[in-house]
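**Q**
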Amino acid sequence: MTRRLAPLTALALIAAPALAQGVPHADPKRLSDDVRTLAAPDFGGRAPGTPGEKRTLDWLVARFKALGLAPAGPDGQYLQQVPLIHTRVAPEATMRVGDVTLTQGKEVAVTSVRPAAAIAITDSPLVFVGYGVRAPEAQWDDFKGMDLRGKTLVFLVNDPDFEAQAGDDAKGRFGDRRMTYYGRWTYKFEEAARQGAAAALIIHDTAGAGYPWSTVNASNGENYDIVRGADDPRVPLQGWIEHDAAERLFAAAGLDLAALRVKARSASFRPVAMGKSFSVAATVKVERITSANVLAKIPGRTRPDESVMVAAHWDAYGDGPPDASGRTLRPGANDDALGTAGVVELARLFKAGPTPERSLVFALWTGEERGLLGSEYYATHPTMPLATTAANLTLDILQTAGPAKDVVLVGPGQSTLDPLLAAAARAQGRTITPETFSERGLFYRADHFSTVRRGVPALLLMALGGAPDLAQGGRVAGQKWLDDYMACYHKTCDSWDAGWDLRGAARDVDLFHDVGARLGRSSVWPSWTRGSEFAATRDRSAAERK
């Protein structure tokens, strides 16, 4: 599927004048000071449902009030309450395929996000559904109308284009090796629920998932979700099956998994009944938690119901198992205290400038590390209409190694926002570099995605997307920074460092100041590129954008 820019829209956006000379710029010291505060021990790692959450929320609300921003939450508040459920499938859960026992944490890693204290599935027929994709814009349907209610669906990870070869129907239909949303595990579990399945299992392989079995298995049976209504059910049991264990099950059923992988790349693929059944008996610990998003705004001068959103997530992982030094606190300094500091800094910059025509919304989400939950709750309970949200600009991990000659863009080619970012980068003497590992689906793994899947165009700055071309040391130095950071990703060593050089991060924040200012005064609506899986959703609300 080829993505092409809508030329007139892109040109109209670029034609908007850049920020005037002499406007204030993001201050590296302010960013550092804010991260130092948010990552301090008394903030407790900013985990939802802990004392560190209250301290974090109080501090953020105080900052927005001090800057003179109006509340953007419900009922004139800065906080939007987010009801969550926390579940844990008991480790002694019994799972069987025929007479073969599957052990939690070994052959399978399963969770539930339903608020039920027990799961009982008896003799649910196993059905292999290939990649489990239903994509009308790509003329692709792996289900072919089969009744899958009560079945246990077995999926391949990623999307049909990931392993496609020349001559395969799937080749080029889903962006080649660039993952689309259809490749994400979240989509597969959602599709299983839509099909009325009893359970959903994804066959793990490291290349297709983008991470090893140990990452999948790290949940230890735990999961989180927002509290959902009866009209938005989740599949009762969801999870992964280890690749070798899956091969053995297919072989026992007289099926060749490798051959089925090839067939799944054909548009004529139909679900395959495996002739085996899946049974589960498990207890589930269910806990209810109330967390909160922080929402503030600068109301638009002439079109206040239209908005541009700037966002990051405030939460991190809190306490965890001790590391080699005995430390347990995972402070999330870069992920995402730095992004949070960037949003606060953008609020300061925009408040110091002229009042925009559209409203500017500053959103700091809870529960990102638990599955984009705060942003998902907002997307299902928006306080500003999503149909008239022009764009979502999200900061999630910025590089801390100084100025760069480029900016790495995650999800290039998705929307007409790309040339707007490129124009802002050119004004800084920088270029755009596409993300390095598009098959890992980073575009679908940050909070902007909750509004993206409701049709809102977005830009994501996430330093995990590839090595920056640093002004000092080039791409080699950038790769070293990235490797060093990844060694601390989600660990106790993601902590504030006085030796950080945040000049590059400040310039990235300035990019969003430029893009947000142009969008805030523009009457143009950014759009998805042709063939995007989100274009049809946006099109359905076109009448609301005059």
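Numbering-wise (my numbering), the sequence shown opens with residue 34 and increments by one.
Cβ atoms here follow ideal geometry from the backbone N, Cα and C, with glycine treated the same way.
(1) When you compare each of 433, 178, 138 to residue 516 by their alpha carbons, which one comes out closest?
(2) Could you tell me which uninterrupted beta strand (DSSP E) segments, each at least 3 residues in length, are contained entirely in the segment 303-382, listed from first to last along the chain?
(3) Helix, strand or coil for residue 272, going by three-state DSSP, please let me know.
(4) What is the rounded straight-line gap between the Cα of residue 107 and the Cα of residue 115?
(5) Measuring CB to CB, does residue 303 end up less than 8 Å from residue 201?
(6) On the DSSP letters alone, give me the boundaries of the alpha helix (DSSP H) that residue 86 sits inside.
(7) If you run the structure through DSSP and keep just helix, strand and coil, what is residue 519?
(8) Measuring CB to CB, does residue 195 end up less than 8 Å from residue 171?
(9) For a minimum of 3 consecutive residues, which ranges assigned as the beta strand (DSSP E) are wholly contained in the segment 227-287?
(10) Could you tell me the alpha carbon to alpha carbon distance between residue 287 and residue 443, rounded to whole angstroms?
(11) Can you tell which of 135, 213, 221, 253 has the C-alpha that lies nearest to the C-alpha of residue 122?
(12) Measure the Cβ-Cβ separation of residue 561 and residue 567 and say whether it is below 8 Å.
(13) Tell me residue 161's beta-bridge partners as DSSP assigns them.
(14) Exposed or buried, what is residue 153 when buried is set at 16 or more other beta-carbons lying within 10 Å of its beta-carbon?
(15) I'd like to check one pair, residue 268 with residue 222: are the Cβ atoms closer than 8 Å?
(16) Since residue 207 is in the alpha helix (DSSP H), which residue starts that stretch and which ends it?
(17) My parser needs the alpha helix (DSSP H) runs of 4 or more residues fully inside the segment 130-183; what are they?
(18) Would you mind stating whether residue 376 and residue 325 have Cβ atoms separated by less than 8 Å?
(19) CA-CA distance, residue 218 and residue 502?
(20) Have a look at 382, 59, 402 and flag the residue whose alpha-carbon is nearest the alpha-carbon of residue 393.
(21) So residue 141 and residue 120 are in contact, right, with Cβ under 8 Å, and what is the actual spacing, rounded?
(22) Quick check on DSSP: helix, strand or coil for residue 581?
(23) For residue 318, is the classification buried or exposed, using 16 other Cβ atoms within 10 angstroms of its Cβ as the cut-off for buried?
**A** Put simply:
(1) 433
(2) 305-331, 336-346
(3) strand
(4) 11 Å
(5) For the 8 Å CB-CB criterion, residue 303 and residue 201 do not form a contact.
(6) 84-100
(7) helix
(8) no
(9) List check, beta strand (DSSP E) in window: 232-236, 255-259, 270-274.
(10) The straight-line gap from Cα to Cα measures roughly 42 Å.
(11) If we check each option's Cα against that of residue 122, 253 comes out closest.
(12) yes
(13) 187, 305
(14) exposed
(15) yes
(16) Counting along the chain, residue 207 falls outside any alpha helix (DSSP H), and DSSP gives it neither H nor E.
(17) Listed in chain order, nothing qualifies, since the segment 130-183 has no complete alpha helix (DSSP H) run of 4 or more residues.
(18) no
(19) 32 Å
(20) 382
(21) Residue 141 to residue 120, Cβ: 16 Å. No contact.
(22) Because residue 581 is not part of the residues shown, which for the chain are 34 to 579, the question remains open.
(23) exposed
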